[in-house]
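What follows is one structure encoded as structure tokens, with my remarks underneath.
Numbering (our numbering), first residue to last: 6 to 271.
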């Protein structure tokens with residue numbers, strides 16, 4: 006593995022892990038949603054600039070195709086029956102059960118009803134994710150108006166993206182930094198000589214590994230390093246130390262990439 010390949014921006018890792026949508030989720034999405042997803046998933050499409058890095062519709066994660074109305078219009082009431090929202094987030098009307106347009110002021114943590122913090126329980130996210138999909142999946146509104154079918158596709162796509170983002174430590178950390186106004190430059194290469202030397206040494210060990218036992222040892226070491234970095238990231242967020250958080254995220258990015266390479270060889 007060359008040093009040039011090692012230093013590729015970690016945007017590609019995130020794109021692969023965050024924008025791979027299962028086919029059965031997208032089969033009924035309208036054309037403009039499918040086009041948006043394919044636009045992000047294509048390996049030949051150039052990475053977006055840092056200020057338009059698309060995770061969602063929250064500040065720093067704008068996705069205009071999913072923003073059907075302004076937050077003011079949405080919060081004024083249901084588009085169908087005009088009933089006021091009974092609770093937040095307002096994805097489905099409690100009165101008429103109609104699916105609402107995406108509210109870009111609602112962040113991913115609010116969608117799942119969890120505290121905006123790094124440490125999360127995966128079981129809680131999965132349970133709420135399944136609950137939302139039971140209400141929002143496009144297959145459930147196939148007999149409704151085109152307007153509501155479009156809203157269902159947009160809301161379902163956003164919930165999928167929210168779940169994928171929050172359920173993985175690396176993407177969750179980057180998202181939290183974005184919410185705190187801290188940009189991650191996905192085009193930046195390694196500038197830490199110590200980290201660069203460490204990763205090059207690990208890559209060499211992976212290439213020279215001749216059997217599964219050797220690869221499993223490397224995998225175990227990388228998983229331990231990744232967990233240690235995740236713990237560091239959690240402490241950094243607790244202390245609002247965003248510079249330390251950025252350093253931890255960069256290490257997690259490259260450890261995750263090595264783990265992927267080892268798994269492919271096993």
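Using N, Cα and C, we set each Cβ at its ideal position, and we do this for glycine too.
Buried versus exposed, by CB contacts within 10 Å (16 or more), residue i
{"i": "residue 142", "result": "buried"}
{"i": "residue 122", "result": "exposed"}
{"i": "residue 127", "result": "exposed"}
{"i": "residue 98", "result": "buried"}
{"i": "residue 215", "result": "exposed"}
{"i": "residue 156", "result": "buried"}
{"i": "residue 90", "result": "buried"}
{"i": "residue 102", "result": "exposed"}
{"i": "residue 194", "result": "exposed"}
{"i": "residue 253", "result": "buried"}
{"i": "residue 109", "result": "buried"}
{"i": "residue 178", "result": "buried"}
{"i": "residue 132", "result": "exposed"}
{"i": "residue 202", "result": "exposed"}
{"i": "residue 5", "result": "This structure gives no information on residue 5, because the portion of the chain shown stretches from 6 to 271."}
{"i": "residue 166", "result": "buried"}
According to DSSP, residues forming a beta bridge with residue i
{"i": "residue 97", "result": "104"}
Assigned secondary structure, residue i (DSSP; H/G/I helix, E/B strand, else coil)
{"i": "residue 160", "result": "helix"}
{"i": "residue 88", "result": "coil"}
{"i": "residue 127", "result": "helix"}
{"i": "residue 187", "result": "coil"}
{"i": "residue 117", "result": "coil"}
{"i": "residue 155", "result": "helix"}
{"i": "residue 178", "result": "helix"}
{"i": "residue 51", "result": "Annotation note: pLDDT 38 at residue 51 (below 50); position unreliable, coordinate value reported separately. If DSSP states are grouped into helix, strand and coil, residue 51 belongs with coil."}
{"i": "residue 265", "result": "helix"}
{"i": "residue 273", "result": "The requested residue 273 is not part of the displayed model; the chain covers only 6 to 271."}
{"i": "residue 111", "result": "coil"}
{"i": "residue 122", "result": "coil"}
{"i": "residue 36", "result": "With a pLDDT of only 46 at residue 36, under 50, the local geometry of the prediction cannot be trusted, and no value is derived from it."}
{"i": "residue 271", "result": "coil"}
{"i": "residue 135", "result": "helix"}
Cβ neighbours of residue i in the same chain (closer than 7 Å, five flanking residues each side left out)
{"i": "residue 160", "result": "96, 104, 107, 141"}
{"i": "residue 256", "result": "200, 234"}
{"i": "residue 100", "result": "83, 86, 88"}
{"i": "residue 164", "result": "116, 134, 137, 138, 141"}
{"i": "residue 229", "result": "none"}
{"i": "residue 185", "result": "247"}
Close Cβ partners of residue i (< 8 Å) along its chain, the five nearest in sequence each way excluded
{"i": "residue 187", "result": "247, 250, 251"}
{"i": "residue 271", "result": "217, 220, 221, 224"}
{"i": "residue 211", "result": "6, 220, 223, 263, 266, 267, 270"}
{"i": "residue 146", "result": "104, 153, 154, 157"}
{"i": "residue 129", "result": "117, 119"}
Spatial neighbours of residue i in its chain, beta-carbon cut-off 6 Å, leaving aside the 5 residues before and after
{"i": "residue 124", "result": "239"}
{"i": "residue 38", "result": "Since pLDDT at residue 38 reaches only 44, below the 50 mark, its modelled position is unreliable, and no value is offered."}
{"i": "residue 174", "result": "235"}
{"i": "residue 94", "result": "111, 115, 116"}
{"i": "residue 227", "result": "260, 263, 264"}
{"i": "residue 134", "result": "168"}
Going residue by residue through the segment 185 to 256, where are the continuous alpha helix (DSSP H) segments of at least 4 residues, counting only ones entirely within it?
198 to 213, 217 to 243
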